[in-house]
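Trainee: Residue numbers (the UniProt record's numbering): 1 to 299. Idealized CB from N, CA, C, for every residue including glycine. Dumping the structure here so I can ask a few things about it.
In structure tokens form, the structure reads like this:
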């Protein structure tokens with residue numbers, strides 16, 4: 001686990017990590033493709049930070065991970081219909097080949113509903129909400145899994161970053177990392193009938209919170225509204241390039257804990273609103289277990 005005293009060494013990893021990435025990919029020109037979705041909604045469902053989240057992620061991908069602007073599809077405002085999101089998810093993974101790096105990003109509402117198919121260990125399906133979810137319906141974890149996890153071929157990597165409530169296992173990946181015990185836990189379908197795996201590729205999801213928790217859209221960290229996960233992830237990755245997944249998760253948790261335990265007015269105000277439930281616990285899940293303190297966070 002990373003501590004404050006050894007954070008300075010993290011910056012020294014950046015150049016060597018980049019070299020590893022370039023030298024291990026061979027001669028083929030790999031595709032880096034991303035789908036960034038920020039849903040604002042209307043009236044009582046409105047979220048004010050989702051467009052800011054998308055802008056932050058887009059900048060991070062371009063400046064820190066070498067994504068080309070033309071390979072990043074952005075959906076915001078009225079473009080975030082269920083139909084557009086599903087079609088864009090299909091675009092993201094279409095014709096993916098070995099060496100490709102894909103990113104799915106979603107900032108918006110998440111809802112959990114009872115699972116009637118028997119493929120969820122906790123008895124609930126996790127869902128993301130398009131702008132028209134009240135009329136066209138949500139997009140369930142089962143559907144997300146079939147759209148962007150199933151098609152991943154060997155040596156294709158998908159990262160999903162989901163800043164939404166109840167998003168812990170929203171990709172229905174078969175392994176969930178328990179940060180406290182430092183072990184991967186089994187999240188495969190209990191019925192054994194549902195397909196949840198890739199076609200040989202690797203899918204990794206970083207979620208804003210566990211399935212039973214809520215995620216925060218807040219201006220507490222900066223003058224603009226942002227999702228707490230998005231703000232902290234972008235801030236930490238920029239400050240400490242070359243982090244491992246374990247380091248990244250530890251630092252996000254540390255920043256959230258320091259904020260929640262702090263005495264600033266913003267923290268006190270938010271704790272009052274959420275009745276001391278601001279302590280969301282970001283979570284990593286994956287299609288395959290890996291050593292989170294050896295594998296570097298690369299998009």
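In whole angstroms, what separates the C-alpha of residue 249 from that of residue 283?
Mentor: Position 249 of the chain shown, counted from the start, is the residue given in the question as residue 249. Position 283 of the chain shown, counted from the start, is the residue given in the question as residue 283. The straight-line gap from Cα to Cα measures roughly 8 Å.
Trainee: Between the segment 122-130 and the segment 103-110, do at least 3 Cβ pairs fall closer than 8 Å?
Mentor: Enough Cβ pairs lie closer than 8 Å, so yes.
Trainee: Considering only C-alpha positions, which residue in the set 73, 34, 133 and 281 is nearest to residue 46?
Mentor: Translated into the one-based positions of the chain shown, residue 46 becomes position 46. For residue 46, the nearest C-alpha among the options comes from 133.
Trainee: Near residue 30, what residues of its chain come up, given a Cβ to Cβ distance below 6 Å and the 5 sequence neighbours on each side ignored?
Mentor: Position 30 of the chain shown, counted from the first residue, corresponds to residue 30. Taken in chain order, the residues that qualify are 99 and 100.
Trainee: According to DSSP, simplified to helix, strand and coil, what is residue 203?
Mentor: Here residue 203 is taken as the residue at index 203 of the chain shown, counted from 1. Correct three-state label for residue 203: strand.
Trainee: Runs of 4 residues minimum, wholly inside the segment 23-75: which ones carry the alpha helix (DSSP H) assignment?
Mentor: Segments of the alpha helix (DSSP H) lying fully in the segment 23-75: 50-65.
Trainee: Does the separation of the CB atoms of residue 196 and residue 190 fall below 7 Å?
Mentor: In the chain shown, counting from the first residue as 1, residue 196 sits at position 196. In the chain shown, counting from the first residue as 1, residue 190 sits at position 190. Taking 7 Å as the Cβ cut-off, residue 196 and residue 190 do not qualify as a contacting pair.
Trainee: Within its chain, find whatever has a CB closer than 6 Å to the CB of residue 160; leave out the 5 residues flanking it on each side and keep chain order.
Mentor: Within the chain shown, numbered from 1, the residue matching residue 160 stands at position 160. Once the five neighbours on either side are set aside, the close Cβ partners of residue 160 are 104, 171 and 205.
Trainee: Out of 43, 56 and 35, which one is the CA nearest neighbour of residue 225?
Mentor: Within the chain shown, numbered from 1, the residue matching residue 225 stands at position 225. Comparing Cα positions, the closest option is 56.
Trainee: Just to check my reading of the structure: residue 163 and residue 203 have Cβ atoms closer than 8 Å, yes? What is that Cβ distance to the nearest angstrom?
Mentor: Residue mapping note: residue 163 aligns to position 163 of the chain shown, counting from 1. Residue mapping note: residue 203 aligns to position 203 of the chain shown, counting from 1. Not quite, the Cβ-Cβ distance comes to about 17 Å (not below 8 Å), so this is no contact.
Trainee: In chain order, what residues of the same chain lie with their CB nearer than 8 Å to the CB of residue 184, ignoring the 5 residues before and after it?
Mentor: Translated into positions along the chain shown, residue 184 becomes position 184. Hits under 8 Å: 175, 176, 177, 178, 286 and 289.
Trainee: Report yes if the CB atom of residue 119 is closer than 7 Å to the CB atom of residue 194, and no otherwise.
Mentor: By 1-based counting over the chain shown, the position of residue 119 is 119. By 1-based counting over the chain shown, the position of residue 194 is 194. Yes, Cβ-Cβ distance for residue 119 and residue 194 is below 7 Å.
Trainee: How big is the Cα-Cα spacing for residue 84 and residue 240?
Mentor: On the chain shown, position 84 is the one that residue 84 refers to. On the chain shown, position 240 is the one that residue 240 refers to. Each residue's alpha carbon lies about 35 Å from the other.
Trainee: To the nearest angstrom, report how far apart residue 63 and residue 165 are at their CA atoms.
Mentor: To locate residue 63, count along the chain shown from 1; it is residue 63. To locate residue 165, count along the chain shown from 1; it is residue 165. So the two alpha carbons sit approximately 28 Å from each other.
Trainee: Measure from the alpha carbon of residue 39 to the alpha carbon of each residue in 77, 52 and 229, then state which is nearest.
Mentor: One-based indexing of the chain shown puts residue 39 at position 39. Answer by Cα proximity: 77.
Trainee: Taking the continuous alpha helix (DSSP H) assigned at residue 106, which residues delimit it?
Mentor: Counting from one through the chain shown, the residue named residue 106 turns up at place 106. Element bounds for residue 106: not the alpha helix (DSSP H) but the beta strand (DSSP E), 101-107.
Trainee: Roughly how many whole angstroms lie between the Cα atoms of residue 79 and residue 298?
Mentor: The count along the chain shown starts at 1 and reaches residue 79 at position 79. The count along the chain shown starts at 1 and reaches residue 298 at position 298. Taking the straight line joining both Cα atoms gives about 28 Å.
Trainee: According to DSSP, which residues form a beta bridge with residue 162?
Mentor: Counted from its first residue, the chain shown places residue 162 at position 162. According to DSSP, which records beta bridges pairwise, residue 162 is partnered with 106 and 207.
Trainee: Give me the DSSP bridge partner(s) of residue 283.
Mentor: Within the chain shown, residue 283 is the residue found at index 283, counting from 1. In the DSSP output, where bridge partners are listed per residue, residue 283 has 207.
Trainee: DSSP three-state label for residue 114, please.
Mentor: Residue 114 sits at position 114 when you count from the first residue of the chain shown. Here residue 114 sits in strand by DSSP.
Trainee: Between residue 152 and residue 199, which are expected to be in contact by the criterion C-beta below 8 Å, what is the C-beta distance as a whole number of angstroms?
Mentor: Translated into positions along the chain shown, residue 152 becomes position 152. Translated into positions along the chain shown, residue 199 becomes position 199. Their Cβ separation, rounded to whole angstroms, is 6 Å, which keeps residue 152 and residue 199 in contact under 8 Å.
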